[in-house]
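Chains as they are written, first to last, in the working numbering: chain A, 9 to 201; chain B, 9 to 271.
Beta carbons are placed, not taken as given, at the ideal position from N, Cα and C, and that holds for glycine.
Here's the structure, in structure tokens; my notes come after.
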Amino acid sequence: MSFRSAEDAGLVSSFLEGDRRAFDELMRAHEDRVFAICLRVLSDREAALDAVQETFITVYRKAQQFSGASAFSTWLYRIAVNTCFDQLRRTRRHQAQPLPDTTEPADERSQDALESVELRPDLERALEDLPPEFRAAIVLSDLEGLPLQAVAEALDVPIGTVKSRVFRGRRLLAEHLRNLSGSSAHQRGEHDA
Amino acid sequence: MMHEHDFELIAAIAEGGLSPDEQAVAEASLASCEACSTDLQLQREALEALRGAAPVVMTDLERAGLHRSVAAQFAPAVVKPKPAVPWFQRLMPAMAAAAALLVVVGVGSVLIDGGGSADSAAETTPVAGESLRTAAEEALPEVSGGAEFDASTGAPTSTMAALAPTASGIREYGSISVADLAEIAGRLDAFEEEDGANTYSANDLESLQLDSVMVCAEIALDEGQITVIGRAIVDGDGVEIYRINDLVKVYLISDCSLMDPFE
Chain A
9 MSFRSAEDAG
19 LVSSFLEGDR
29 RAFDELMRAH
39 EDRVFAICLR
49 VLSDREAALD
59 AVQETFITVY
69 RKAQQFSGAS
79 AFSTWLYRIA
89 VNTCFDQLRR
99 TRRHQAQPLP
109 DTTEPADERS
119 QDALESVELR
129 PDLERALEDL
139 PPEFRAAIVL
149 SDLEGLPLQA
159 VAEALDVPIG
169 TVKSRVFRGR
179 RLLAEHLRNL
189 SGSSAHQRGE
199 HDA
Chain B
9 MMHEHDFELI
19 AAIAEGGLSP
29 DEQAVAEASL
39 ASCEACSTDL
49 QLQREALEAL
59 RGAAPVVMTD
69 LERAGLHRSV
79 AAQFAPAVVK
89 PKPAVPWFQR
99 LMPAMAAAAA
109 LLVVVGVGSV
119 LIDGGGSADS
129 AAETTPVAGE
139 SLRTAAEEAL
149 PEVSGGAEFD
159 ASTGAPTSTM
169 AALAPTASGI
179 REYGSISVAD
189 LAEIAGRLDA
199 FEEEDGANTY
209 SANDLESLQL
219 DSVMVCAEIA
229 LDEGQITVIG
239 RAIVDGDGVE
249 IYRINDLVKV
259 YLISDCSLMD
269 PFE
């Protein structure tokens, strides 16, 4: 158990014994990372702050359900990701996108979708275009640097599924970045002409 | 043609987690697979973009707002204000008492004076008026926890002393009037002496986690050094009272805006 994990476990125990400051300390220790995860998943600062708030309120109310089988941080990220998914469903800012059944590259429809909106050739936009399940896997694994096992626990899926989602997510991301970059170059060419 | 199970190998190569020898062998095994090479390139491009992503940072304002929002969910409940009673309903018992007294006085005058004059009846009116004021005051809803001070010493009276601090050390004043708040502001020195309220600096705030107890503490701290006075309900709104430098400021808990006339 890492120092952080041991400290978190102690703070959870203190909080459950009635020490409210222990909760505040837990929040301060993790709020930046939870915010980063929520912002990357939701692509909206205000929505991300709402999700962070909801996450910590859930932790406050359900701390007694933390079993200690995994690290507190993993349990926390799981709540955060689920909160983000709930928020995405509630706001319907993103239509539900079923996971692709194959590992084939994005089809023409996805290309049409990219062309139908204002293109911004940056990572944020490419991430936003990923299905939420892929995006969450990439955010936790590649942006937050969590071990695959922790990502699997946070997403509540087998580790093989995480590997698959990360791989396919990266591929889609790179294709989106290429498309965005190509469209940008094309637009610049038209402008120059 | 890439097989489905090759993706782990491709990912491992792209991540650079293999030894140089393993890397060379793995790349050689993919050399004849065009799709595998394409995938490897895509993985590398994605990883390069992700690793170059700017870190996400919460602004101080966002962080303060988050702390305030979460703390507000769990802040100690302030005393529920008594339901507002319209002024005419409050005065009804007094008016009834006044009317009854007028009848009694009038009848008494008739019995004593044997009828009397209109002037003598008019002279009784101030007596009825006195009764009206007293009864009206009695009819007003009782103010709980109002700030009271001994006029000669400036020390808080027993009513204030009876206000027990909460577990957090923050006093709850219940339902009080703007005038009570003004009194607190005017007698702050004596109040602080009795109350033992503490003054906090930014560093103290960090160590005391005060912002989780007082919802608007961070906002107040932006104005200067703060002394926490307490909480109250004023006209149905929960407020937090701080002394900031030499001024008393009252914040509405709902949005931490300054309450008039304390801005």
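Residues sharing a beta bridge with residue 18 of chain B, DSSP: Position 10 of the second sequence holds residue 18 of chain B. DSSP output for residue 18 of chain B lists no bridge partner at all.
Taking Cβ-Cβ distances shorter than 7 Å, what residues in chain B pair up with residue 151 of chain A? Along the first sequence, read from residue 1 onward, the residue named residue 151 of chain A stands at position 143. By Cβ distance, chain B contributes 58, 61.
Can you tell me whether residue 63 of chain B is buried or exposed, with buried defined as 16 or more other CB within 10 angstroms of its CB? As a first step, residue 63 of chain B must be located in the second sequence, where it is residue number 55. Residue 63 of chain B should be labelled exposed.
From the DSSP output, in three-state form, read off residue 126 of chain A for me. Numbered from its first residue, the first sequence carries residue 126 of chain A at position 118. Here the model assigns residue 126 of chain A a pLDDT of 31, short of 50, so the residue's position is not dependable, and the following value carries that caveat. Annotated three-state conformation of residue 126 of chain A is coil, per DSSP.
Taking only beta carbons into account, state which residues of the region 46 to 71 of chain A come closer than 8 Å to chain B, listed in chain order. 47, 48, 53, 57, 60, 61, 64, 65, 68
Contact set for residue 161 of chain A: own chain, Cβ-Cβ below 6 Å, skip 5 residues either direction: Looking up residue 161 of chain A in the first sequence gives position 153. Hits under 6 Å: 78, 82.
Residue 71 of chain A lies in the alpha helix (DSSP H); which residues open and close that run? Reading the first sequence from its first residue, position 63 is the one you call residue 71 of chain A. Premise fails: residue 71 of chain A is in no alpha helix (DSSP H) and is neither H nor E.
Which term fits residue 69 of chain B, buried or exposed, when burial requires 16 or more other beta carbons within 10 angstroms of its beta carbon? Numbered from 1 along the second sequence, position 61 holds the residue referred to as residue 69 of chain B. Exposed, because fewer than 16 other Cβ atoms sit within 10 Å of the Cβ of residue 69 of chain B.
Indicate whether the contact test is met: 3 or more Cβ pairs, each with one atom in the region 46 to 54 of chain A and one in the region 9 to 28 of chain A, closer than 8 Å. no
So residue 40 of chain A contacts chain B; which residues on that side make the cut at Cβ distance below 7 Å? Position 32 of the first sequence holds residue 40 of chain A. Ordered by position in chain B, the residues that pass the 7 Å Cβ test against residue 40 of chain A are 66.
Tell me, which residues are paired with residue 260 of chain B by DSSP? As a first step, residue 260 of chain B is located in the second sequence; it is residue number 252 there, counting from the start. BP columns for residue 260 of chain B point to B/247.
Test: residue 50 of chain B CB closer than 8 Å to a CB of chain A: What you label residue 50 of chain B is simply residue 42 of the second sequence in a count that begins at 1. Yes, residue 50 of chain B counts as interfacial toward chain A.
Of the residues that make up the region 29 to 45 of chain B, which ones have a beta carbon closer than 7 Å to any beta carbon in chain A? Listed in sequence order: no entries.
State buried or exposed for residue 12 of chain A, treating a residue as buried only when at least 16 other CB atoms are found within 10 Å of its CB. Start at 1 with the first residue of the first sequence, and residue 12 of chain A comes out as number 4. Exposed, by the Cβ-count rule.
Ends of the beta strand (DSSP E) at residue 67 of chain B? On the second sequence, residue 67 of chain B is found 59 positions in, with the first residue counted as 1. No beta strand (DSSP E) contains residue 67 of chain B, which DSSP labels as neither H nor E.
Using only alpha-carbon positions, find the residue among B/227, B/259, B/251, B/40 that is nearest to residue 242 of chain B. Looking up residue 242 of chain B in the second sequence gives position 234. Of B/227, B/259, B/251, B/40, the residue nearest in Cα terms is B/259.
If you draw a straight line from the C-alpha of residue 134 of chain A to the C-alpha of residue 246 of chain B, how long is it? Numbered from its first residue, the first sequence carries residue 134 of chain A at position 126. Numbered from its first residue, the second sequence carries residue 246 of chain B at position 238. Rounded to whole angstroms, residue 134 of chain A to residue 246 of chain B spans 45 Å at the Cα level.
Could you check what DSSP says for residue 170 of chain A in three-state terms: helix, strand or coil? On the first sequence, residue 170 of chain A is found 162 positions in, with the first residue counted as 1. DSSP places residue 170 of chain A in helix when its eight states are reduced to three.
Is residue 228 of chain B buried or exposed, if buried means 16 or more other CB atoms sit within 10 Å of its CB? Along the second sequence, read from residue 1 onward, the residue named residue 228 of chain B stands at position 220. Burial call: buried.
Using a 10 Å radius around the Cβ and a threshold of 16 neighbouring Cβ atoms, would you call residue 172 of chain A buried or exposed? Numbered from 1 along the first sequence, position 164 holds the residue referred to as residue 172 of chain A. Buried, since its Cβ has 16 or more Cβ neighbours within 10 Å.
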